[in-house]
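Going by the numbering used here, the sequence shown opens with residue -16, and the numbers climb by one from there.
C-beta atoms are modelled at their ideal positions from N, C-alpha and C, and glycine is treated no differently.
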Amino acid sequence: MAVQVEPCENCGRRIGRLEQAYLWQDHVVCEECCRRLASDAASSASGIAGAAIGAPEGAPRSAPDAPKDAEVVLWSASPSVLPYVPRYVLVGLAFLGNLIVAALVGWPFLLGAWVCLVLAADWELRRRATRYTVTKRRVIRRTGYLRRVQQEVRTADIRELGLRQGPLERLFGVGTVTVATAATAEREMLIAKVPNAKKVMEVLRRARS
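This is how it looks when you write it as structure tokens:
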């Protein structure tokens, strides 16, 4: 059972904790979309971008077997918003300050307010564009909303797991899980600032066994 799975990347529906999620062409999707995408792929060369959102009316709600090209997702999530809260508060205060000064002095100070908005939007887009996924075969880290970067580690190659948590992070269960393999002992994959970090470690332990 997955610890946490974010919304289906095909239809946007929230995937329930008791539902099974799948990885289809490196996108986390719900079971219904996975079956739909597999059916579309069998009849044409279309991928996730050209697939219909919902299943046709009257289609069965479940299937006895997962599609051959789909991986079972054990956990998937983006970084928690908690570590970003202090910087958002500071940028928000700077934004309000620039608006007040602009009202008293003149419109050129509105430029500072716009810079604050762009900075906050960039941080949030980067956070949402970062996604960590653990399947029975791989650990995947995807980053970037303009330039995509993907890093993968086979679960069978995992040799060492670690957990980093600050005082505030421990209070809220947020942490950074480090994943190292025999081949990358000095180059760890960081699953950074994710919620339920201890449970993520348990998922990784089960996946590599």
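To the nearest angstrom, report how far apart residue i and residue j are at their CA atoms.
i     : j    : result
A46   : W7   : At A46 the pLDDT is 42, less than 50, meaning the model places this residue with poor confidence and gives no usable figure here.
A180  : R130 : 27 Å
L173  : L20  : 31 Å
L82   : A96  : 6 Å
K119  : Y67  : 30 Å
G37   : Q3   : In this prediction, G37 has a pLDDT of 45, which is less than 50 and means its spatial position is unreliable; what the coordinates show is noted afterwards. Those two C-alpha atoms are separated by around 17 Å.
V117  : L65  : 22 Å
P178  : R114 : 12 Å
R109  : L73  : 18 Å
E152  : R70  : 15 Å
A194  : L154 : The structure shown does not extend to residue 194, since the chain is modelled only from -16 to 192, so the question has no answer here.
C(-6) : V88  : 48 Å
L76   : G149 : 25 Å
E40   : V55  : In this prediction, E40 has a pLDDT of 46, which is less than 50 and means its spatial position is unreliable; nothing more can be read from the coordinates.
Does the beta-carbon of residue i have 16 or more other beta-carbons within 10 angstroms, so that it is buried, or is it exposed?
i    : result
Y128 : exposed
R188 : exposed
S59  : buried
V101 : exposed
E14  : buried
Rounded to the nearest angstrom, how far is the Cβ of residue i from that of residue j, given a contact under 8 Å?
i    : j    : result
F92  : A85  : 4 Å
V160 : M184 : 6 Å
K176 : P62  : 4 Å
I141 : Q133 : That pair is no contact at about 18 Å.
Is residue i helix, strand or coil by DSSP?
i     : result
A46   : Annotation note: pLDDT 42 at A46 (below 50); position unreliable, no value reported.
G145  : strand
S22   : helix
A190  : helix
Y128  : coil
L1    : coil
A85   : helix
N(-7) : coil
K119  : coil
A53   : coil
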